[in-house]
Ligand code: F6P
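In this note's numbering, the protein residues as written are -16 to 537.
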């Protein structure tokens, strides 16, 4: 048995102790904890090279931290982390390991996925990939007409899109100025059409990314592009203008691709953990070998930290445990990620898949109803934009949403003055969430502005901020490839930690299947205006009929 069942009663005891302490009604506010302890910032933040994780604005004291670590031990975190790194088949519903860490280990140390040595194939495939990326960048691999490629269009969805798309944006200052990277995910033809409008077909390289090479969206987009290339440039040009990344080379080759243009990865790499594999091809073409390797190094840095740092100073473990505190002690159902870093605009979307597809589960490893509430709703947008949109709710809404802020100490290829304003705003929002503004202060301010007592009484409640709203902050020197690798890996391991405590399988995604199956059944009914609607539920039948009527009118 690769996995010892969780000891529910030990977990419940640990959680009970945590709830009794951290959830007690008279727990001091965080700003009071700061006043009482001048060392609070140092005690509740962890530096890792240039990266700093500050969780001092979270509702923790020394005892909370001790109890969180006790909870992690009760869930068997340390042993399960070792099983994870040892490549045991911890994805038990699919009988697979989850060994994406092997992809970023440039030292090629021995790595075993479900008992099979993989470091050799990983190194070989990475070398193929990076050689190809460099050849495209250097103009050694060219379009059918002999010209250099100017555009790279990535077709993929979910993990085959979000990773490279997010990273390409994050690392845009590192992307070769002669190349433009595009990402098409949606089966909505608008995504394809709008992208194709902006590229010159005769100098575009298409990268078809799909772990399974069966995904409806990706296959539809790839087929449309293939038809366009064959139509405009000739069938023979397809082999020059397409490459693919998949665990199913056979299917990619059946699509008409040359074997040397098909890059592989393995079933022990989950889609949402695959940016480190050949799925990073478009990114690697953009940023080149040296930067891509640096990105991998960033991930490996965090692997070493996660594996060796004591839980009390272990950033992903702490991120996971603070999330559990907010979710399972304080009942917070949402979690916001707000990068004060415009180039991380897609990072929240990336994390939505990473966190919600991994831990959005309600059945434990034994197939029982999960004992604890699992993944909160993860969402976010960059600051400062969010301040002018949804921050109202963060400050004064009835739902308390813990926030992760991310910010660089220095801008990358951006104006220093802008950055200072960005940085000040980030700190101000975290400060405002913590401190709030009490009734007395609001009344003082209103009185100073000359309002009458009646006016003050009417207005004051609207201007009160309760404060004591939790946030953490990840500070890094600047958004380099290595930093991005570290940030992603921190969240990956946070997800692992939470999956262990919630006792769910973080590496399967059965919840995406039902909708896919139903879509396959509905597609012919949608396509055929005369197809009978009997047998469908009333809502679906009504909607199809309404759409048919509107199509007829149009
Ligand atoms: O539908 C969910 C999912 O399976 C994700 O887990 C995955 O990242 C995405 O679809 C794309 O799958 P593929 O890479 O096989 O096309």
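All C-beta atoms, glycine included, are put in the ideal place defined by N, C-alpha and C.
The model shown is predicted, which means the values in this text are computed figures rather than measured ones.
Query raised in the report: Closest by CA to residue 256, which one among 242, 234 and 279?
Result: On the chain shown, residue 256 is found 273 positions in, with the first residue counted as 1. Cα-wise, what sits closest to residue 256 is 279.
Report task. Under the assumption that residue 319 contacts residue 245 (Cβ atoms under 8 Å), give the Cβ distance between them as a whole number of angstroms. Result -> Residue 319 sits at position 336 when you count from the first residue of the chain shown. Residue 245 sits at position 262 when you count from the first residue of the chain shown. About 39 Å separates the two Cβ atoms, so there is no contact after all.
Requested in this report: With a threshold of 7 Å, establish whether the CB of residue 381 neighbours any heavy atom of the ligand F6P.
Outcome: Sequence index remark: in the chain shown, residue 381 carries index 398 (1-based). No, the beta carbon of residue 381 sits no closer than 7 Å to any heavy atom of the ligand F6P.
Requested in this report: Could you check what DSSP says for residue 289 in three-state terms: helix, strand or coil?
Outcome: Working through the chain shown from its first residue, we reach residue 289 at position 306. Residue state, collapsed to three classes: helix.
Requested in this report: Entirely within the segment 260 to 317 and at least 4 residues each: give me those alpha helix (DSSP H) ranges in chain order.
Outcome: 264 to 291 and 298 to 307
Query - beta strand (DSSP E) segment containing residue 163, residue limits - result: Counting from 1 along the chain shown, the entry for residue 163 is found at position 180. That run of the beta strand (DSSP E) goes 163 to 167.
Query - Rounded straight-line distance, which links the Cα of residue 532 to that of residue -15 - result: As a working note, residue -15 is residue 2 in the chain shown. As a working note, residue 532 is residue 549 in the chain shown. Caution applies to residue -15, whose pLDDT of 47 falls short of 50 and renders its modelled position unreliable; the value that the coordinates give is listed next. Computed Cα separation, rounded: 56 Å.
**Report entry** Sequence ranges, beta strand (DSSP E) only - wholly within the segment 10 to 38, length at least 3
**Finding:** 28 to 31 and 34 to 37
Query raised in the report: Does DSSP put residue 77 in a helix, a strand or coil?
Result: Here the question's residue 77 lines up with position 94 in the chain shown. Residue 77: coil per DSSP, three-state reduction.
Query raised in the report: CA-CA distance, residue 49 and residue 295?
Result: Along the chain shown, read from residue 1 onward, the residue named residue 49 stands at position 66. Along the chain shown, read from residue 1 onward, the residue named residue 295 stands at position 312. So the alpha carbons of these two residues sit roughly 8 Å apart.
Report task. Mind the definition here: the segment 307 to 322 touches the segment 356 to 371 only if three or more C-beta pairs lie below 8 Å; say whether that holds. Result -> yes
Query raised in the report: If you draw a straight line from the alpha carbon of residue 302 to that of residue 135, how long is it in whole angstroms?
Result: By 1-based counting over the chain shown, the position of residue 302 is 319. By 1-based counting over the chain shown, the position of residue 135 is 152. So the two alpha carbons sit approximately 36 Å from each other.
Requested in this report: Identify whether residue 359 lies in helix, strand or coil by the three-state DSSP scheme.
Outcome: The residue you call residue 359 lines up with position 376 of the chain shown. Residue 359: coil per DSSP, three-state reduction.
Query raised in the report: To the nearest whole angstrom, what separates the beta carbons of residue 120 and residue 268, a pair I think is in contact under 8 Å?
Result: Numbered from its first residue, the chain shown carries residue 120 at position 137. Numbered from its first residue, the chain shown carries residue 268 at position 285. The Cβ separation is near 6 Å, so the contact holds.
Query raised in the report: Taking C-alpha atoms, which residue in 52, 96, 170 and 207 lies nearest to residue 86?
Result: Indexing the chain shown from 1 puts residue 86 at position 103. Answer by Cα proximity: 96.
**Report entry** Exposure of residue 147, with buried meaning 16 or more beta-carbon neighbours within 10 Å
**Finding:** Position 164 of the chain shown, counted from the first residue, corresponds to residue 147. Buried, since its Cβ has 16 or more Cβ neighbours within 10 Å.
Query raised in the report: Taking Cβ positions, are residue 476 and residue -11 nearer each other than 8 Å?
Result: On the chain shown, position 493 is the one that residue 476 refers to. On the chain shown, position 6 is the one that residue -11 refers to. Going by C-beta atoms, residue 476 is not nearer than 8 Å to residue -11.
Query raised in the report: DSSP on residue 464, reduced to helix/strand/coil?
Result: Numbered from 1 along the chain shown, position 481 holds the residue referred to as residue 464. Residue 464: helix per DSSP, three-state reduction.
**Report entry** C-beta contact flag for residue 240 and residue 213 at 8 Å
**Finding:** Position 257 of the chain shown, counting from 1, holds the residue named residue 240. Position 230 of the chain shown, counting from 1, holds the residue named residue 213. No, they are not a contact pair.
Query raised in the report: Excluding five sequence neighbours on each side, which residues of the same chain lie with their C-beta closer than 8 Å to the C-beta of residue 449?
Result: In the chain shown, residue 449 corresponds to position 466, counting from 1. Only 379 and 419 meet the Cβ criterion.
Report task. Compare the Cα-Cα distances from residue 26 to each of 51, 37 and 18 and report the closest residue. Result -> If you number the chain shown from 1, residue 26 lands on position 43. Of 51, 37 and 18, the residue nearest in Cα terms is 37.
Requested in this report: Please indicate yes or no: does the CB of residue 139 lie closer than 7 Å to some heavy atom of the ligand F6P?
Outcome: Within the chain shown, the letter at position 156 stands for residue 139. Yes; taking the cut-off as 7 Å, the Cβ of residue 139 has a heavy atom of the ligand F6P nearer than that.
Query raised in the report: So, residue 162 versus residue 133, is the Cβ gap smaller than 8 Å?
Result: For this step, residue 162 is matched to residue 179 along the chain shown. For this step, residue 133 is matched to residue 150 along the chain shown. A contact, by the Cβ cut-off of 8 Å.
Query - Inside the segment 127 to 160 only - alpha helix (DSSP H) runs reaching at least 4 residues - result: 145 to 153
Query - Nearest-angstrom beta carbon gap, residue 429 and residue 442 [assumed within contact, 8 Å] - result: For the purposes of this step, residue 442 is taken as the residue at position 459 of the chain shown. For the purposes of this step, residue 429 is taken as the residue at position 446 of the chain shown. Going by Cβ atoms, the distance from residue 442 to residue 429 rounds to 6 Å, so yes, they are a contact pair.
Report task. Assign residue 493 to one of two classes, buried (16 or more other C-beta atoms within 10 Å of its C-beta) or exposed (fewer than that). Result -> Taking the chain shown and counting its residues from 1, the one referred to as residue 493 is at position 510. Classification for residue 493: exposed.
Query - Proximity winner among 341, 131, 155 and 261, relative to residue 191 (alpha-carbon distances) - result: For this step, residue 191 is matched to residue 208 along the chain shown. That would be 261, whose Cα lies nearest to the Cα of residue 191.
Query raised in the report: Between which two residues does the alpha helix (DSSP H) harbouring residue 333 extend?
Result: Indexing the chain shown from 1 puts residue 333 at position 350. Counting along the chain, the alpha helix (DSSP H) containing residue 333 begins and ends at 330 to 334.
Query raised in the report: How is the beta strand (DSSP E) around residue 247 delimited, first residue to last?
Result: The count along the chain shown starts at 1 and reaches residue 247 at position 264. That run of the beta strand (DSSP E) goes 245 to 247.
Query raised in the report: Do residue 229 and residue 235 have their CB atoms nearer than 8 Å?
Result: In the chain shown, the residue the question calls residue 229 occupies position 246. In the chain shown, the residue the question calls residue 235 occupies position 252. For residue 229 and residue 235, yes; Cβs fall inside 8 Å.
Query - Proximity test, residue 194 beta-carbon vs the ligand F6P heavy atom, cut-off 7 Å - result: The sequence position of residue 194 within the chain shown is 211, counting from 1. It does: the Cβ of residue 194 is within 7 Å (strictly closer) of some heavy atom of the ligand F6P.
Requested in this report: Just confirm the distance between the C-beta atoms of residue 167 and residue 128, as a whole number of angstroms; I'd bet it's less than 8 Å.
Outcome: Stepping through the chain shown from its first residue, residue 167 is reached at position 184. Stepping through the chain shown from its first residue, residue 128 is reached at position 145. Actually they are not in contact, since the Cβ atoms of residue 167 and residue 128 sit about 23 Å apart, beyond 8 Å.
Query raised in the report: Rounded to a whole number of angstroms, what is the C-alpha to C-alpha distance between residue 197 and residue 92?
Result: Reading the chain shown from its first residue, position 214 is the one you call residue 197. Reading the chain shown from its first residue, position 109 is the one you call residue 92. So the alpha carbons of these two residues sit roughly 33 Å apart.
Report task. Alpha carbon to alpha carbon, how far is residue 155 from residue 264? Give it in angstroms, no decimals. Result -> For this step, residue 264 is matched to residue 281 along the chain shown. For this step, residue 155 is matched to residue 172 along the chain shown. The alpha-carbon atoms of residue 264 and residue 155 are separated by roughly 15 Å.
Report task. Answer yes or no: do residue 247 and residue 108 have a C-beta to C-beta separation smaller than 8 Å? Result -> Working through the chain shown from its first residue, we reach residue 247 at position 264. Working through the chain shown from its first residue, we reach residue 108 at position 125. The answer is yes: Cβ separation under 8 Å.
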